[in-house]
Amino acid sequence: CYYSIAVGAASGKIKVNFTNNKVTGSWGGINLDWSTADYYVANNVFSGFNCSKSAVQLSNAMSAVIENNVFENITDENAIRFYKLYPGNPTTIRNNKFEVDYLLYSDVPNAILSYSEFVFEGNTISSKTNLTLGHITNSGPEMTLAHGYIIDTDFNTIE
26 CYYSIAVGAA SGKIKVNFTN NKVTGSWGGI NLDWSTADYY VANNVFSGFN
76 CSKSAVQLSN AMSAVIENNV FENITDENAI RFYKLYPGNP TTIRNNKFEV
126 DYLLYSDVPN AILSYSEFVF EGNTISSKTN LTLGHITNSG PEMTLAHGYI
176 IDTDFNTIE
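Position in the sequence shown counted from 1, then plus 25, gives you our numbering.
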């Protein structure tokens, strides 16, 4: 139950911008699933999901930048989900505001550790966000994804 943004495969590289939108309701967010796409998701508001669907699902991409978005009122699901076969190409999640029940989830527990270029910085995360599920554990002033990937609070703020 996602709105899919450029789903499929193409022989040539494409750039997909999803900017300045308000995505609301209980049905589901957006799915990024095109093997030759560079995705840019910015300046959006994702709000009101509660049906076991993330606001942004990363299924396939050449690269993905998710920045300057607001994720709010998302209950019983994660703001961002890394789907089963997401290849882990360059992925940047920065300068977003998260007021959600759960932050990140990967269908494959060790996957984020294997991504060659994964950046998570400049984000503001509500202190009410549960960091113990979705393959994330709370480790004092830092957030640690399962199996050791650290989201450093020097580069992210918990309010």
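Quick reminder that beta carbons are idealized off the backbone N, C-alpha and C, glycines included.
For residue j and residue i, the rounded distance between their alpha carbons
i       : j       : result
Gly-54  : Phe-71  : 7 Å
Thr-44  : Leu-57  : 14 Å
Asn-98  : Ile-39  : 32 Å
Ser-84  : Pro-112 : 8 Å
Ile-105 : Tyr-130 : 7 Å
Asn-46  : Val-66  : 10 Å
Leu-128 : Trp-52  : 18 Å
Reference residue i; option with closest CA among the options
i       : options                           : result
Ile-91  : Ser-151, Lys-122, Ile-39, Ile-99  : Lys-122
Asp-101 : Ser-152, Asp-126, Val-144         : Asp-126
Pro-115 : Phe-107, Leu-128, Glu-142         : Glu-142
Val-95  : Ala-62, Gly-147, Gly-37           : Gly-147
Arg-119 : Ile-105, Phe-107, Val-144, Val-81 : Val-144
Ser-152 : Thr-182, Val-48, Ser-131, Asn-46  : Thr-182
Ala-80  : Ile-150, Asn-103, Lys-109         : Asn-103
Tyr-64  : Gln-82, Asn-42, Gly-73            : Asn-42
Glu-124 : Trp-52, Tyr-108, Thr-117, Glu-184 : Glu-184
Residue i, DSSP secondary structure in three states
i       : result
Ser-79  : coil
Asn-45  : coil
Asn-56  : strand
Asp-132 : coil
Ser-151 : coil
Lys-38  : coil
Phe-74  : coil
Asn-98  : strand
Presumed contact (8 Å Cβ cut-off) between residue i and residue j, rounded CB distance
i      : j      : result
Trp-22 : Ala-86 : Only positions 26 to 184 of the chain appear in the structure, and residue 22 is not among them; the question remains open.
Asn-69 : Val-48 : 6 Å
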